Structures are given as C-alpha cells and as structure tokens.
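Asks: Right, I'll just put the structure down here and ask away after.
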C-alpha cells in the first residue's frame, strides 16, 4: 500500500510518492465550501488502496477559507494539488481544467460538499474496472442526506448490476456523481464542457458513455454521501428552474455530443425531452420529497433487518451456516460517518492515547457462552500490561450494574452505557462523541448480531486502529464488511478462508483462541468411574436442537444403546426435548442414570473433571469453539463431528487435529467402542500438549494484546464461505412476517435487503411506474422458490453441495 505517516497524525494516509504515477485522479471542484471541503478531501486522502491516488482541488474563486483549507492539506500531502481559478469560471470549467491535467488512468469527480463513506471504495472500483473491460465506469448506491436528516438511497439497486450501453442512453438508471469512477478518456473533455449546461453528472456520464459505447457496473453497497443543504447549484433552484435546466442539458447533449439526429442516442434524448416538457407543462413537482424518510427510520429498518436472525423460522436455518449483511454494514458505516462529520470530526492532526483502549460492546451476559469469558481475559491482560480501559456499551443487551461491579470493578476501567431513551441517531452520536473524546490506541468491537448503534460507532480515526476479534462460529457476523476495521482476527484457517472471498485478505490476520491454563500438569485420568463417561456442552439449546440430518439426541440415544457408557449434557434444553428423550431412553430400555442433564456449570472444566468425564463429544450441528478450548485445557480428549454439509466451522477446526472425528452415527459408535484407558490417555497427552503450545493465554493472549498476529492460512477451496444472508430465500420478509404475524396484506412484502433501499433504479424525480425487467422465466423461477416449503435441504444452495462433494473428495484422497 502507498503509506505515509505524517508528524502529528496517527492515522495513515495512502498517497503517491514523488516519482509515482497515479492510477486514479480524484477531481474536487469547490466554490465557497469551507464548511465541507475538509471532509471531502479526507474521504479521498485516507482511502485504503494498493495504488497511488492524486487529488486535484480546483478552487473556483472562493471568497471564504476554501482555498486556505485546501492549501493546508496540499502542504502536507504530496499527492494533493490545488488549482486556482483567478475568478469564478463555473463548475464545468473547473472540471474540464482538472480532467485535462489528470494523470490517472481512472478519474473520479467529487463535489466538495460530498464524501466517500467507504475507505475501500476506490480499491473495489478499480478492481472491477480492471476485471470488466466491457465497462467504462463503476458506480454504486449513494445516501442522499438533507440538513434535517431525511434520507434516500439512490439508485437503490439491491444487487450488483451491469447496465448495457442502451440502458445508459435510454435513461434506465441514475447514479450520483459521488459514486462514478470513469476510465479517463485520452482525448480529454472538449471546450463545450465549460458551458453551464455541461457542468453536471448527466453531461459527464453521457459523454463517457457515448465515447466508449460500453456498459456500467453498479455495486449495491452505499459508499458515498450526497449532502443536500439547499446551497448547491442544483438544490438552490426551484422546480420550474430545474425542469428548464434539465431540458437545456438534454438539448445540448443532442447538439454537442450526439450531433447526428438519426442516431438512436439522439432519439432517446428526444424522448427524455418530451417527457420533461410534459411534466413541466403539467406542473408536476418532483417526487423526491415523497421518497425521503427520516434517518432514524432508516437506522431502525437496518436494525429490524439484522434482528430477523432471531425469528425462529429464520434462526433455524441461518444458524446452520455463516452469514453476513454487507448492505447493512456499509449503510451503517455511512450513517455513522455523516453523524461524525456533523460533529466536526476530522482525521488530520488527530493523536491517540497509546495507553488507552476501548471495548465497544452491546452489553454482557455472563452465562451467555464464550464471548464474555474472552472479554474478561482480554481485559485482565490489558490491565496487567498497564492499559487504561474504557468500556462503552450500546445497551442493546440489558446489563445489570451488579455484573459490571462484579467483573469490571477496577480503578483503570471506566464503564459507560449509551442513553437508549433517545433516537437511534442520537445514540450513535453519543457513542461517537465518547470515542472521539477517548481517542484510544485501539478499539475492540464485540457487538451482537443486531447492534446497529455499535456498528455505526466503528469509525476510522476514532482510535489508531480497530481490531475486530472474530468470535462468530455460526449465524450472522454483523460488522465484518465495515471498511473502518484495520485487522480482523480469525481463529482458524477455515475462518480466514471463509472471510477472504468477501473481505480484503490483507486485513485478515490469524491467531489461535486463548484460554487461561489453570493446571501445572495434565489433570486428566481415564475411566475413573469404571465406565466410559462422555459429555457434551452448549450454552444455547439451539446448538444441539437445530434441524440437521443427524439429530443430536438421536445420535446420543444410539450411542447409549450400543455402548456401555454414561453421557452428561451441560447446558439449557427445552423441557419438552428432555421429557421426550427420557421417554425414548425408557422405550429403548436404557437405564435413566446413563443420561444426566446439568443446566450449566460456571466452572465447566472443573465440573467435567470432577464428574470423571473420559471423552467430550463436541456439540453439533453447531460447535462451541470456546468450550472446545476449555476441554483441551483439562486434557480431556474430544470426539468431533465432521459435517456432511460444510456450512459451518467444525469443532475439529479449533482443537488438536489428532483428536478423532466422526461423519456418520455409525462412525461415532465405532470410535466409542474402541476407547480404552491406553487410547484415552494418549489422546489426552496430545490434546494437552496442543493446548499448551497454541491456546494457553500465556502465549496466545499475550500475542493478541501485543498485536503479534500470524499471517492467515487461506485455502483457495474454502469449505464454507460468508454468504449474504439477505440473498437467501428463507430470509424474505414476506415469508417471515406472514409466519409470525399472520397475513402480510397491506405491508411491504419486499425482501429485507430491498426495503433498505429505494424502490427501483430510476432517476430521482422520475415518477413513472417501475416495471419488472426480469425475463418471464426468471420471474417464474423466483416465484417458485418463494412458495417452496422452507426445509433445510431446500435451503442449502447448490454451491454448498458442490463444496461438500469436493471437500469429501479431498478427504478421501488424503
């Protein structure tokens, strides 16, 4: 990357060197934009790219501090150049002047009052343009934002879409200037771009389209913000003036660009002119205001979308794989950035406290699994290393103050919870102000599946770096697509391989899970009960009660019937499930004392040892990584399921690879039958040695706090990937709402991913009815999918079946 660390600034800028040739040129025309231009410059300057970027700022005769601010950045960054117009020449003149001086192979225009809201934006767009030679530009969704926090997403595409050249000149879609990265034309922009009608996004887009006759790639993520503050050239016009100006633009495109009246482009423009004139004569006002909604409503809808993961019908399927919501991640990052800029926050010159860290959490559940214990271990190690710790809770998880006093009472720890009485935007603002004042060296986010406030608070520059501890082993991984994350710490090579296809691999690091070693020597002794004693543990009942081809209780019943053994289950279970299982035990004539249910044990490892557990059967279909590590610490051997449908991490991914595994229930019974004292002791020695070398906190936790991570081991053939949850048929809001609330008549029946965005990809202000442009066969296919019964095997996409077959083949070969 093109790195340059500047005195007085802990944040890294990515810029050109004295001899480098920029790949991208970003043009920022500005006239009296002193209140906004710093945000625009920094949103480009601090982009994370693997190539050099030049920034050309054109001050068009400003009478405020615009030029002074621009020059202050240029004096500190070699890749910024300020061009001064001696007098106000107009935006078209400024863009043409900069465009014709640009050296980049690709060019982007960014108005001085708008921003890039995603730090990976330019890298992602360049990657696409390099790959898609059939495209002359790459664009994306943009957040339109008014001064009173009304918002709209334009164009509102819900999937990455390629628009053909005919779509371009027929006005089939509209993307904002702040989203377009063009291939720069060697001919430059002609003199007629200095005309008033040729200064805007319509002229620039149409000129590039007509010159290349190529397509446009539009990404569905929101990665820029168009600020509507009433002082811009366009927003300051009344509706009549907008209509007149729009018609003048279209006529000049006909005359100056197309010229030949027989060309189809000329006829397309004529149709647009006819439409605009009819609209003007009918005195139809723009429908923009009707499509805008409050920013708080948008945030609330993001929260509802993510929270659907907890609906029973959805959770039963979503928790059987690994998912993310890239649309929600990028949109909430954009919302947080706008709130932060309105607070006057800038990256330049910002310093951070090298001895302070912030844990950004949703709340605490002490008995909620391994995450709480992991946080406690991290806090303990940070304190022993002399750090001061601020814990900021979004309050999404209700946390009793007694929990804080019992576990985090220390003079070096400050705890604060966001006031949840205010609006969601107010909560985001409070969290951002706290983080800005803290200015920590590092921010460690631990947010739950639907904590959009915590997600929006993950903003670049608030801390020197954001380190995302990837604690997810199933379900929804919220926040992983945030471009503000500097390092995401995968626990295993399978996690790293799953993340790599959807996240920049340079951001992924790897470190084995850690657990505090309580024993000086291996405490394990086999067969102390005189009978093989096995155990399983899961902090959540769904981890063993979820639908799967091998039901957990069916497998345990088969094992108890076939092997002389006793089984203990730790963790909450549904009362009906327990009662049914006991009935089945009696029916199978298995003594009831062969199965023991313990709701939970705070000291799980100690309880396993005191109960004389010989072998731990890892829970399935959803494993518990943290529990597996604790079992290794105790030296207890484990028997791990190798999933036949690779949608999730396996227990074997986190533990000693020498430990045996099973694929079918028959395999499990064979393995149990072969267990004797000699074999159990050998497995115990192996797992204990593996834990001491890989997982002991004295090694792994120390490296976590020091940031001494390993390079990830990324497989080109990942066993599972982080799929987009919004694209799964079972996540359709119509199906979920109908099943939970009855008929959905009168409610929005679009998929959740669509409801976050605008209704369609038409231009702003176009009130014509939208039509479904999909072929009839495709519409029929989706209707069939939506009407199918939601069974697990129907849910499993073909791509997972192919991966399963390939992974099985590799296993057989090895």
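Numbering (this note's numbering), first residue to last: 695 to 1508. Where a beta carbon is used, it is the ideal one built from N, C-alpha and C, also for glycine. Nothing here was measured: the structure is a model prediction, and the numbers come from that model.
1. From the DSSP output, which residues share a beta bridge with residue 651?
2. Note down the Cα distance separating residue 1484 from residue 803, rounded to an integer number of angstroms.
3. Nearest-angstrom Cα distance between residue 1313 and residue 1260?
4. Along the chain, where does the beta strand (DSSP E) containing residue 902 start, and where does it finish?
5. For residue 1048, count the other beta carbons within 10 Å of its own beta carbon; 16 or more makes it buried, fewer makes it exposed. Which is it?
6. Use the C-beta contact count for residue 1250: other C-beta atoms within 10 angstroms, 16 or more gives buried, fewer gives exposed.
7. Which class does residue 740 belong to by DSSP, given the choice of helix, strand or coil?
8. For residue 841, count neighbouring Cβ atoms within 10 angstroms of its own Cβ and tell me buried if that reaches 16, exposed if not.
9. I'd like the span of the alpha helix (DSSP H) that includes residue 940, first residue to last.
10. Can you give me the Cβ contacts of residue 1382 inside the same chain, cut-off strictly under 6 Å, excluding the 5 residues immediately before and after it?
11. So residue 872 and residue 793 are in contact, right, with Cβ under 8 Å, and what is the actual spacing, rounded?
12. Candidates 1020, 1358, 900, 1331: which alpha carbon is nearest residue 1369's?
13. Would you call the region 1068-1088 in contact with the region 1145-1155, where contact means no fewer than 3 C-beta pairs closer than 8 Å?
14. Assign residue 807 to one of two classes, buried (16 or more other C-beta atoms within 10 Å of its C-beta) or exposed (fewer than that).
15. For residue 1410 and residue 1342, I'd like the C-alpha separation in whole angstroms.
16. Is residue 1318 near residue 1233, with beta carbons less than 8 Å apart?
17. Residue range of the beta strand (DSSP E) that residue 1016 falls in?
18. For residue 828, which residues in the same chain have their Cβ closer than 7 Å to its Cβ, ignoring the five residues on either side in sequence?
19. Are the beta-carbon atoms belonging to residue 863 and residue 1000 less than 8 Å from one another?
20. Enumerate in chain order the residues of its own chain whose CB-to-CB distance from residue 1082 is below 7 Å, with the five nearest sequence positions on each side excluded.
21. Out of 883, 1116, 941, state which residue places its alpha-carbon closest to the alpha-carbon of residue 645.
22. So, helix, strand or coil for residue 1159, using DSSP?
23. Which value, in whole angstroms, describes the spacing of the CA atoms of residue 997 and residue 1118?
24. Can you tell me which of 1026, 1391, 725, 904 puts its alpha carbon nearest to the alpha carbon of residue 963?
25. CB residue 1184 to CB residue 1166, shorter than 8 Å?
26. When you compare each of 870, 845, 835 to residue 855 by their alpha carbons, which one comes out closest?
27. For residue 1179, which of 1024, 1268, 1320 has the nearest alpha-carbon?
28. For the beta strand (DSSP E) that contains residue 1110, what are its first and last residues?
29. According to DSSP, is residue 1146 helix, strand or coil?
30. Whose C-beta lies closer than 6 Å to the C-beta of residue 1282 among residues of the same chain, with five residues either side of it excluded?
31. Where does residue 958 fall in DSSP's three states?
32. How many Å lie between residue 1191 and residue 1408 at the Cα?
33. In the structure shown, what three-state DSSP assignment does residue 863 receive?
34. In its own chain, which residues sit with a C-beta less than 8 Å from the C-beta of residue 922, not counting the 5 before and 5 after it?
35. Going by C-alpha distance, which of 1348, 1374, 1111 is nearest residue 1221?
36. State the Cα-Cα distance for the pair residue 898 and residue 825, rounded to the nearest angstrom.
Replies: Working from what's here:
1. Within the shown structure, residues of the chain are numbered from 695 to 1508, placing residue 651 beyond reach of any answer.
2. Confidence at residue 1484 is low in this model, with a pLDDT of 32, below 50, so its placement is unreliable and no value can be given for it.
3. Distance between residue 1313 and residue 1260, taken at the CA atoms: about 16 Å.
4. First-last for residue 902: 895-906, but that is the alpha helix (DSSP H), not the beta strand (DSSP E).
5. In this structure residue 1048 is exposed. Its beta-carbon is surrounded by fewer than 16 other beta-carbon atoms within 10 angstroms.
6. With 16 or more other Cβ atoms within 10 Å, it is buried.
7. DSSP places residue 740 in coil when its eight states are reduced to three.
8. Looking at its Cβ environment, which holds fewer than 16 other Cβ atoms inside 10 Å, residue 841 is exposed.
9. 933-946 is the span of the alpha helix (DSSP H), which, as asked, contains residue 940.
10. Taking residue 1382 as the centre and dropping the five residues before and after it, the same chain places the C-beta of 1216, 1329 closer than 6 Å to its C-beta, in chain order.
11. About 16 Å; that fails the 8 Å criterion.
12. Cα-wise, what sits closest to residue 1369 is 1331.
13. With contact defined as three or more Cβ pairs closer than 8 Å, the region 1068-1088 and the region 1145-1155 are in contact.
14. Of the other Cβ atoms in all chains shown, 16 or more fall within 10 Å of the Cβ of residue 807; this residue is therefore buried.
15. So the two alpha carbons sit approximately 17 Å from each other.
16. Yes, they are a contact pair.
17. Unbroken beta strand (DSSP E) run through residue 1016: 1016-1018.
18. Once the five neighbours on either side are set aside, the close Cβ partners of residue 828 are 908, 909.
19. Residue 1000 sits away from residue 863, with the two beta carbons spaced by 8 Å or more.
20. Sequence-distant partners of residue 1082 (beyond 5 residues in either direction) whose C-beta falls short of 7 Å from its own C-beta, in its chain, are 1049, 1050, 1106.
21. What the structure shows of the chain is the stretch from 695 to 1508, and residue 645 is not part of that stretch, so it cannot be assessed.
22. Residue state, collapsed to three classes: strand.
23. Distance between the alpha carbons of residue 997 and residue 1118: 10 Å.
24. For residue 963, the nearest C-alpha among the options comes from 904.
25. No; because the gap between Cβ atoms is not below 8 Å, this pair is not in contact.
26. Checked all of 870, 845, 835; the closest Cα to residue 855 is 835.
27. Cα-wise, what sits closest to residue 1179 is 1024.
28. First-last of the beta strand (DSSP E) with residue 1110: 1107-1111.
29. Helix, per DSSP.
30. Taking residue 1282 as the centre and dropping the five residues before and after it, the same chain places the C-beta of 1255 closer than 6 Å to its C-beta, in chain order.
31. In the three-state reduction of the DSSP assignment, residue 958 falls in the helix class, which pools H, G and I.
32. Straight-line Cα distance between these residues: approximately 5 Å.
33. Here residue 863 sits in helix by DSSP.
34. Correct list, in chain order: 838, 839, 840, 841, 929.
35. It is 1374.
36. Between residue 898 and residue 825, the C-alpha separation is close to 23 Å.
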